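Novice: Counting in the numbering used here, the sequence shown runs from 65 upward without gaps.
All C-beta atoms in this analysis are idealised placements derived from N, C-alpha and C, irrespective of residue type, glycine included.
None of these values were measured; they are calculated from a predicted model.
Provided herewith is a single structure, encoded as structure tokens, for subsequent inquiry.
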Amino acid sequence: MAMASMAPSMRQFSLCLRCVRQPGTANRPVNATSLRFLSTTPAVRDQVQSETPAPAQAESKDVPEYMRKWGKLDPNRVEDKRTERRLIRRDGVQPIGSRRRRAVLRRTAIRKQEEIPFEQLPYQCFQEARKVLLEDRQEKLTAIATQKLRLKNLMEQDPAVSGGQAAKDARIRSMKNHLNELIILADINDPIVKKKFEDGLGDMNKPIYRYLADQKWRKYKRLVLQQRLTQMDVVPDFLPALDPVVDIDLAFGRKGYAPGEFVDSKISEGPPRLNVQSFEPGEKLVSVVVVDGDIPDVQKDGFTYRCNFIASNIKISPTNPSIPLTQLSQEDHKIKDPAAKRVALPWEAPWANKGAPYHRLAVFVLEQPEGKPLDVQTLAKIKRYGFILRSFVDKYKLKPLGATLFRTKWDENMAGVMKRAGYGSQAKVEFKRKRVEPLPYKRRTERMR
65 MAMASMAPSM RQFSLCLRCV RQPGTANRPV NATSLRFLST TPAVRDQVQS
115 ETPAPAQAES KDVPEYMRKW GKLDPNRVED KRTERRLIRR DGVQPIGSRR
165 RRAVLRRTAI RKQEEIPFEQ LPYQCFQEAR KVLLEDRQEK LTAIATQKLR
215 LKNLMEQDPA VSGGQAAKDA RIRSMKNHLN ELIILADIND PIVKKKFEDG
265 LGDMNKPIYR YLADQKWRKY KRLVLQQRLT QMDVVPDFLP ALDPVVDIDL
315 AFGRKGYAPG EFVDSKISEG PPRLNVQSFE PGEKLVSVVV VDGDIPDVQK
365 DGFTYRCNFI ASNIKISPTN PSIPLTQLSQ EDHKIKDPAA KRVALPWEAP
415 WANKGAPYHR LAVFVLEQPE GKPLDVQTLA KIKRYGFILR SFVDKYKLKP
465 LGATLFRTKW DENMAGVMKR AGYGSQAKVE FKRKRVEPLP YKRRTERMR
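Structure below.
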């Protein structure tokens with residue numbers, strides 16, 4: 065048998081095959097048992113990839129000879145770490161779904177066997193486990209119905225019976241939190257839910273998918289973000305404290321940038337595109353502020369702030385996370401009513417003097433209080449130079465939801481960017497470190513040389 069040669073990712077799956085394998089006979093050996101594997105519904109991005117054939121990179125002159133020997137790599141069927149790294153390195157494509165799922169799909173294609181839906185896998189251990197999960201789900205659904213009835217009765221109850229309005233509100237909040245927890249627990253162990261989430265097919269309107277996405281973000285991306293914000297002193301230089309609750313992805317054009325990454329001055333001359341993924345239900349009205357915290361102040365021998373961009377009254381939701389700042393500016397040009405515009409301070413290209421340290425461009429997403437719109441005409445009067453984010457947040461009672469940052473420094477394109485931005489005179493300014501004269505007793509005389 066080929067059990068010993070199976071990849072480690074298939075060992076648990078192979079154990080399930082023993083539950084359905086029929087005993088061999090003279091006319092039908094054991095290995096001839098027909099095996100059926102799961103099928104998958106391709107995501108939209110997979111259909112686009114299949115409909116639009118990509119150029120054969122293996123035949124391209126840019127691909128080294130040793131990479132051509134790897135052959136064709138399917139993102140749906142790579143099952144080990146080595147082939148995954150090869151796929152990302154050569155084709156620039158991420159593997160789709162979990163490794164176990166890709167292993168099953170690969171072996172299904174090799175054996176040319178009939179595929180069946182995931183939930184109908186004919187394996188005894190799998191189906192018995194599903195029965196247990198279904199029973200547990202029914203218990204959770206019963207508890208959800210009971211909790212909803214209790215919550216309804218409490219809301220109709222007189223506050224005097226509940227010990228006052230404050231006690232009633234506290235109890236309502238507690239019961240709502242418990243209800244949300246039961247809704248999550250009802251679907252958290254469903255294999256279909258986990259499969260859809262791994263395949264990128266989860267509906268962010270449903271609480272379970274928002275919960276899974278939030279947990280995935282907090283286990284890695286949020287930790288990296290907090291490390292960069294602390295390491296580069298975004299906290300407390302810009303704000304005294306920050307607890308990110310939304311996932312912010314920053315991109316210029318089609319290329320995304322990690323928090324704290326350097327961006328070429330020619331690329332950052334135009335506004336970026338933000339993807340603000342919220343994990344809470346409903347729409348939010350937010351403001352986006354971009355601040356440069358490393359503007360040299362020669363007179364004070366220090367640094368000050370400059371605001372590069374302010375936009376307000378932007379709607380985001382779990383299913384609508386995109387904030388293209390370029391599109392906001394284009395839409396504002398078509399609006400004749402100044403009060404209906406959303407961009408208060410248009411994008412100003414970041415720039416840095418020659419010889420000066422790198423500049424930190426911090427991007428903040430701030431929630432507006434009670435979903436009320438801000439007066440953009442009033443915000444347009446804010447001075448860019450010397451902008452203090454703390455005062456801005458306190459004045460308008462904004463709540464920081466999250467932040468990210470990128471860095472810029474002097475490069476070969478910076479002089480042209482500064483000239484086009486109206487800072488041509490600053491392009492000629494060069495900062496140099498002040499030479500510190502040694503103490504008299506440390507000076508070396510001609511006699512000592």
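Per DSSP, what are the beta-bridge partners of residue 341 in this structure?
Specialist: 311
Novice: Report all residues from its chain with a CB closer than 7 Å to the CB of residue 111; omit the five preceding and five following residues, and keep chain order.
Specialist: With a pLDDT of 44 at residue 111, under the threshold of 50, the modelled position of that residue is not reliable, and no figure is offered here.
Novice: My assumption, with CB atoms under 8 Å, is that residue 485 sits in contact with residue 411. Please give the rounded CB distance.
Specialist: About 10 Å separates the two Cβ atoms, so there is no contact after all.
Novice: If you reduce the DSSP assignment to three classes, tell me which class residue 424 lands in.
Specialist: strand
Novice: By Cβ distance, which residues of its chain are closer than 7 Å to residue 159, with the 5 residues on each side in sequence left out?
Specialist: In the same chain as residue 159, and ignoring 5 residues on each side of it, the C-beta atoms closer than 7 Å to its own belong to 139, 142, 148, 151 and 166, in chain order.
Novice: What does a CB cutoff of less than 6 Å around residue 531 pick up in its chain, not counting 5 residues either side in sequence?
Specialist: Residue coverage of the chain in this structure runs from 65 to 513, which leaves residue 531 outside it and unanswerable.
Novice: Can you name, in chain order, every residue of its own chain whose Cβ lies under 6 Å from the Cβ of residue 358, other than the five neighbours on each side?
Specialist: 367, 423 and 424
Novice: Could you tell me which of 246, 398 and 420 sits nearest to residue 362, measuring between CA atoms?
Specialist: 420
Novice: If we ignore side chains and look at the alpha-carbon of each, how far apart do residue 432 and residue 381 end up?
Specialist: 14 Å
Novice: Excluding the 5 residues flanking residue 483 on each side, which residues of the same chain have their C-beta closer than 7 Å to its C-beta?
Specialist: 491
Novice: Quick check on the burial criterion: 16 or more other C-beta atoms within 10 angstroms. Buried or exposed for residue 256?
Specialist: Exposed is the label assigned to residue 256, since fewer than 16 other Cβ atoms lie within 10 Å of its Cβ.
Novice: Taking 8 Å as the cut-off, does the stretch 465 to 480 touch the stretch 318 to 325 (at least 3 CB pairs, one atom from each stretch)?
Specialist: yes
Novice: Label residue 259 either buried or exposed according to how many other C-beta atoms from any shown protein chain fall within 10 Å of its C-beta, with 16 as the threshold for buried.
Specialist: By the neighbour-count rule (16 or more Cβ atoms within 10 Å), residue 259 is buried.
Novice: Please classify residue 341 as buried or exposed, where buried requires at least 16 neighbouring CB atoms within 10 angstroms.
Specialist: buried
Novice: Terminal residues of the continuous alpha helix (DSSP H) containing residue 287?
Specialist: Counting along the chain, the alpha helix (DSSP H) containing residue 287 begins and ends at 285 to 295.
Novice: With a Cβ-Cβ cutoff of 9 Å, do residue 337 and residue 390 count as a contact?
Specialist: yes
Novice: From which residue to which residue does the alpha helix (DSSP H) around residue 356 run?
Specialist: Element bounds for residue 356: not the alpha helix (DSSP H) but the beta strand (DSSP E), 348 to 361.
Novice: What number of angstroms, rounded off, separates the C-alpha of residue 328 from the C-alpha of residue 334?
Specialist: Between residue 328 and residue 334, the C-alpha separation is close to 11 Å.
Novice: Might you give, ordered along the chain, the residues of its own chain that have their beta carbon closer than 6 Å to the beta carbon of residue 226, omitting 5 neighbours on each side?
Specialist: 232
Novice: Tell me the rounded alpha-carbon separation between residue 343 and residue 209.
Specialist: Each residue's Cα considered, the two are about 24 Å apart.
Novice: Residues in its own chain within less than 8 Å of residue 502 by CB, not counting five upstream and five downstream?
Specialist: none
Novice: By the three-class DSSP mapping on this structure, what secondary structure does residue 146 have?
Specialist: helix
Novice: Can you tell me the Cα-Cα spacing of residue 351 and residue 135, whole angstroms?
Specialist: Put simply, the backbone Cα of residue 351 is about 49 Å away from that of residue 135.
Novice: At least one CB of chain B closer than 9 Å to the CB of residue 380: is that the case?
Specialist: Absent here is chain B; the protein component of the structure consists of one chain.
Novice: May I ask whether a heavy atom of the ligand HEM can be found less than 8 Å away from the beta carbon of residue 484?
Specialist: Among the components modelled here there is no ligand, and therefore nothing to report on the ligand HEM.
Novice: Can you name the residues that DSSP bridges to residue 6?
Specialist: The requested residue 6 does not occur in the structure, where the chain is confined to residues 65 to 513.
Novice: Measure the alpha-carbon distance for residue 392 versus residue 452 and round it to whole angstroms.
Specialist: 24 Å
Novice: Can you tell me the Cα-Cα spacing of residue 460 and residue 305, whole angstroms?
Specialist: 17 Å
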